[in-house]
Amino acid sequence: MDPISDILRKDPVALDEYRELLEKKNSSKRAYDQYVSRVASKIDNYEDARRYTKCVLLVREDFKQRIRSLVEEQEQLIQRWEKSGVQDDEQLMQELEQLSKRAHGDFASMRIPLFCHDSHRYKGMSVDRRRLIKYLQESAI
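Its first residue numbered 1, the sequence shown is counted upward by one per residue in UniProt numbering.
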């Protein structure tokens, strides 16, 4: 057993102080997470969204992995269509549209700026979203 556990087990005052500090740490982490998620929904331009994504989201490996899996899924869909030789572009477009809708939902759940709120919030949001998606694809790989 480590020495800290021994001290905490023997000294109830130290244990109470430790628990209090641990609770403060946990509550500050929750407050920070809430703040960060609110910030994401306030961003309404590409440059701020890119900076936020780079500094807050792309530093997390789990986030990058989710983006990579979406990119790989898109590439697999396109490759499957190229190899099959099927000339039905309408069906391919429908499958890409379904993937796009699901990806937009994932982006909103990951609290990526520009995907956290209504697409009609400002003029040019769809262009900024496409630019941000391209940035995410390049950065996550």
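Where a beta carbon is used, it is the ideal one built from N, C-alpha and C, also for glycine.
As the structure is a prediction and not an experimental result, all values here were calculated from the model.
Quiz item: With burial defined as no fewer than 16 other Cβ atoms inside 10 Å of the residue's Cβ, what is the status of Pro3: buried or exposed?
Solution: exposed
Quiz item: How is His117 classed by DSSP in three states: helix, strand or coil?
Solution: coil
Quiz prompt | First and last residue of the uninterrupted alpha helix (DSSP H) at Gly105 | solution = Asp89 to Ser109
Quiz item: Going by Cα to Cα distance, which pick from Asn26, His104, Ile43 and Leu57 is closest to Ser139?
Solution: Leu57
Self-check item: Buried/exposed call for Asp11, threshold 16 Cβ in 10 Å
Solution: exposed
Quiz prompt | Cβ pair count under 8 Å reaching 3, the region 41–53 against the region 87–106 | solution = no
Quiz item: Quick one, are the C-beta atoms of Ala49 and Leu92 less than 7 Å apart?
Solution: Taking 7 Å as the Cβ cut-off, Ala49 and Leu92 do not qualify as a contacting pair.
Exercise. Please work out which residues of its chain come closer than 7 Å, Cβ to Cβ, to Glu95, disregarding the five sequence neighbours upstream and downstream, and give them in chain order.
Key: Once the five neighbours on either side are set aside, the close Cβ partners of Glu95 are Leu77.
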